[in-house]
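K.L.:
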Amino acid sequence: MEKDRSVPRNIKRIAQEGIKELQKRDETPGVIASNVIYMVDDLSQDPNIPFHARTTIYRILSLLENIKD
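Quick note on the numbering used here: the sequence shown kicks off at 7 and runs consecutively.
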């Protein structure tokens, strides 16, 4: 999604922030996943996001929801 020109910059920025959040080790995996879910869920509601990127976001959310402490 980062190199896809059809994805708006604000969505790419939030996706990058989510990646950085996932790389942190100062919280439990469940808390980190919850924080990223909150960030990414807002992206899925953006009316400017292309359908293929929205599908990718839904897949990411599904994976993150399976992470437990």
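Idealized CB from N, CA, C, for every residue including glycine.
What you are looking at is a predicted structure, and each value in this text was computed from that prediction instead of being measured.
#1: Grab me the residues of Asp48's own chain with a C-beta within less than 8 Å of its C-beta, minus the 5 sequence neighbours each way, in chain order.
#2: Considering only the alpha carbon of each residue, which of Lys9, Leu28, Lys74 lies closest to Val46?
#3: Along the alpha helix (DSSP H) that carries Ile38, what are the first and last residues, could you check?
#4: Using CA coordinates, which residue listed in Lys74, Asp32, Phe57 is at the minimum distance from Ser12?
P.N.:
On the basis of the supplied data:
#1: Ile20
#2: Leu28
#3: 35-50
#4: Phe57
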